[in-house]
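S.K.: Residue numbers (full-length UniProt numbering): 1 to 216. Pasting a structure here, questions to come.
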């Protein structure tokens with residue numbers, strides 16, 4: 001995950017290389033990562049190639065498609081990409097941290113147009129969902145079914161708190177599954193503006209999630 005984010009960051013930096021503010025390069029940050037799709041297990045006995053390209057741009061954001069290929073002995077890709085993901089980056093003014101425009105795209109092939117249109121539809125759907133969520137902000141009293149489920153869960157949890165020895169052995173409190181980790185981020189984990197790389201944080205989060213699932 002760290003390598004994928006690093007390449008996506010390089011692609012974003014290259015795309016915005018012509019933009020600067022008072023001689024300073026723009027501040028680029030990882031915002032989201034679409035689900036990482038693995039079509040098949042990667043062959044760890046073969047060399048691998050990671051490629052990335054900008055497939056969609058908005059006013060101050062860009063989507064970068066990352067693909068991972070296995071290579072044969074001659075260095076040619078084998079069987080197409082076995083891992084695909086899309087990283088979204090935003091560009092910020094390094095002085096004010098406000099949004100700053102990014103260069104547009106010239107779509108030359110049908111594949112590029114299809115990828116752009118797909119991401120445009122995804123952007124519009126996400127934007128509409130966000131507006132709908134903001135419009136419906138408020139507290140809705142739960143219905144009877146939700147109250148019944150909540151009461152049942154509370155009744156099952158009470159013995160775990162008051163009398164653990166008599167509690168259902170197949171149940172466990174959510175709080176008892178909690179794990180945390182603390183680490184120091186050195187200079188190699190930070191960009192030129194001192195911000196921690198998103199890929200580094202994602203790797204640490206994935207490692208912690210794996211450990212939590214294993215212990216659970």
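We put the beta carbon where it would ideally sit given N, CA and C, even for glycine.
1) Between residue 64 and residue 78, is the Cβ-Cβ spacing less than 8 Å?
2) Is it buried or exposed, residue 86, if we count other Cβ atoms within 10 angstroms and call 16 or more buried?
3) Report the partner residues of residue 70 according to the DSSP bridge assignment.
4) Just grab the DSSP bridge partners of residue 91 for me.
5) Across the stretch 6-13 and the stretch 83-100, are there enough close Cβ pairs to call them in contact, namely three or more that are closer than 8 Å?
6) What span of residues does the alpha helix (DSSP H) with residue 202 cover, start to end?
7) Which stretch, first to last residue, makes up the alpha helix (DSSP H) that contains residue 15?
8) What would DSSP say about residue 180, mapped onto helix, strand or coil?
9) Short check: CB of residue 201 to CB of residue 97, under 8 Å?
10) Grab me the residues of residue 99's own chain with a C-beta within less than 8 Å of its C-beta, minus the 5 sequence neighbours each way, in chain order.
11) For residue 191, which residues in the same chain have their Cβ closer than 7 Å to its Cβ, ignoring the five residues on either side in sequence?
12) Spell out the partners DSSP gives residue 53 in its beta bridges.
13) Verify whether the separation of the beta carbon atoms of residue 62 and residue 15 is less than 8 Å.
14) Using only the alpha-carbon positions, how far apart do residue 188 and residue 204 sit?
15) Since residue 18 and residue 103 are thought to touch, with beta carbons under 8 Å apart, how far apart are those beta carbons, to the nearest angstrom?
16) For residue 40, does the three-state DSSP call read helix, strand or coil?
17) Since residue 108 is in the alpha helix (DSSP H), which residue starts that stretch and which ends it?
M.R.: Let's see:
1) For residue 64 and residue 78, no; Cβs fall outside 8 Å.
2) It counts as buried.
3) According to the DSSP secondary-structure assignment, residue 70 is paired through a beta bridge with 48 and 78.
4) For residue 91, which the question treats as bridged, DSSP gives the partners 28.
5) As far as the Cβ criterion goes, the stretch 6-13 touches the stretch 83-100, which means the pair count is three or higher.
6) DSSP places residue 202 inside the alpha helix (DSSP H), whose first and last residues are 198-215.
7) Segment 2-15, the alpha helix (DSSP H) holding residue 15.
8) Three-state DSSP puts residue 180 in coil, outside helix and strand.
9) No. Outside cutoff.
10) 59, 60, 90, 91, 92 and 93.
11) Around residue 191: 197.
12) Bridge partners of residue 53: 65.
13) Between residue 62 and residue 15, the CB-CB gap stays under 8 Å.
14) Distance between residue 188 and residue 204, taken at the CA atoms: about 15 Å.
15) Yes, they are in contact, since the Cβ atoms of residue 18 and residue 103 sit about 7 Å apart, within 8 Å.
16) Coil at residue 40, not helix or strand.
17) Careful: residue 108 lies outside any alpha helix (DSSP H) and carries neither H nor E.
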